[in-house]
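In the UniProt record's numbering, the protein residues as written are 1 to 402.
Virtual Cβ for every residue (Gly too), placed ideally from N, Cα, C.
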């Protein structure tokens, strides 16, 4: 089946509105506060920007129509999210940032009708935020989710959860948590995990310290969270018991691609700034942009942007067809995470001293995009998975021929 690279008229209009809204309304706010969302006002600013996004008709392009969104496919989300990502605050304004966007996607696909009313509807509307609580300190779940140590035990009418999570994005101020906990087996087993929905004010949930990180544009921080005898009723089990790892794939593959979309927008901004700078900056008897070494960096950026988009389009096409697209999303995520950092890094280099200053946004863009090589699976884990699939296929082919 051929990939259709065209968008219908309504999507094209949404792309244009998103571009205008992001550049004219959101970018000045980001620049005023140097990309630090906490300094800019945190949740208060979020509510203000999201109200403006609703008025502009660009709010929640990914959310189901019945919950106030535009209901875009993965393929149609790509150019819209890229335009929103042109500003670090754009995804927050449009309610399409991590982790809420991925949680909307997962809840829309696997939550019960009652769970959708209680959790999905207010999240999609921007009435509250959410957090996905999976990552744990060593020796718990990190790059290897099977190391999960947080445990849920059956009790009358539900489950009691105990565990310690960290690097939980958006935890401070979240309205509810999606908690991954072990319901059978032991750490290291490939199964036995279950997802639970818990309002943030559930007794026993404590949001601890903000873990200081390079990036400053993630609202609600990256926090430690403690779960002590947290009771979750049976009706708040998300999906089936012991199938949490499988259900998580509904979220993780698409979420990796929406990260690519957003940070591709950020890298495009860096590239645009650098190209404009070298086109006008005089040096060595002419414009910097006429020098061969500068032209190589410009060309390499263009190549990385185009290649990242191409891999993204292929992965989104496969996701829209209904598959997990595990290989396609791993390839696209790994390449784009590294390419996006290269794009921003070259842009800094082209701008010289200005590039590392706060007079341009390039330094903060570099800080924001660097963690993408770790978030949602480090490059090394994705490379391992890609290679394992390729070698496994070759082994099976050899066995069939023998």
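Pick from the options that is closest to residue i, judged by C-alpha positions
i           : options               : result
residue 293 : 312, 171, 259 and 347 : 347
residue 328 : 252, 397 and 87       : 252
residue 185 : 153, 199 and 21       : 153
residue 72  : 15, 221 and 117       : 15
residue 135 : 117, 156, 178 and 125 : 178
residue 174 : 155, 237 and 100      : 100
residue 158 : 235, 82, 172 and 202  : 235
residue 226 : 172, 155 and 291      : 172
residue 156 : 221, 194, 167 and 231 : 231
residue 367 : 36, 5 and 25          : 36
residue 195 : 68, 315 and 244       : 244
residue 187 : 9, 208, 163 and 176   : 163
residue 246 : 168, 222 and 146      : 146
residue 193 : 149, 204 and 228      : 149
Distance, residue j Cα to residue i Cα
i           : j           : result
residue 19  : residue 211 : 32 Å
residue 46  : residue 257 : 23 Å
residue 267 : residue 313 : 17 Å
residue 95  : residue 76  : 16 Å
residue 51  : residue 138 : 40 Å
residue 98  : residue 284 : 44 Å
residue 142 : residue 282 : 48 Å
residue 374 : residue 386 : 16 Å
residue 360 : residue 31  : 9 Å
residue 319 : residue 111 : 19 Å
residue 365 : residue 29  : 15 Å
residue 33  : residue 269 : 17 Å
residue 338 : residue 233 : 42 Å
residue 322 : residue 372 : 25 Å
residue 200 : residue 325 : 32 Å
residue 181 : residue 238 : 11 Å
residue 250 : residue 55  : 31 Å
residue 6   : residue 302 : 21 Å
residue 115 : residue 70  : 21 Å
residue 125 : residue 68  : 6 Å
residue 218 : residue 224 : 15 Å
residue 191 : residue 242 : 7 Å
residue 390 : residue 85  : 33 Å
Residue environment, residue i, which counts as buried when at least 16 other CB atoms sit within 10 Å
i           : result
residue 144 : exposed
residue 132 : buried
residue 345 : buried
residue 332 : buried
residue 214 : exposed
residue 206 : exposed
residue 277 : buried
residue 402 : exposed
residue 65  : exposed
residue 304 : buried
residue 383 : exposed
residue 109 : exposed
residue 220 : buried
residue 104 : buried
residue 79  : buried
residue 11  : buried
residue 129 : buried
residue 260 : buried
residue 376 : buried
residue 393 : exposed
residue 254 : buried
residue 165 : buried
For residue i: DSSP bridge partner residues
i           : result
residue 283 : 286
residue 182 : 151 and 193
residue 384 : Looking at the DSSP assignment, residue 384 forms no beta bridge with any residue, so it has no partner.
residue 205 : 227
residue 199 : 176
residue 42  : According to DSSP, residue 42 bridges with nothing at all.
residue 238 : 195
residue 232 : 159
residue 243 : 193
Cβ-based neighbour list, residue i, same chain, cut-off 7 Å, excluding 5 preceding and 5 following
i           : result
residue 369 : 263, 266, 267, 340, 341 and 344
residue 350 : 274, 277, 278, 294 and 297
residue 58  : 14, 17, 18, 21 and 94
Chain-order list of residues whose beta-carbon lies under 8 Å from that of residue i (same chain, five-residue window excluded)
i           : result
residue 363 : 348, 355, 356 and 357
residue 83  : 15, 18, 19, 22, 90 and 265
residue 307 : 335 and 339
residue 122 : 128 and 175
Residues of its chain near residue i, where Cβ-Cβ distance is below 6 Å and the 5 sequence neighbours each way are ignored
i           : result
residue 289 : 278 and 279
residue 27  : 87
residue 3   : 317
residue 63  : 69, 104 and 124
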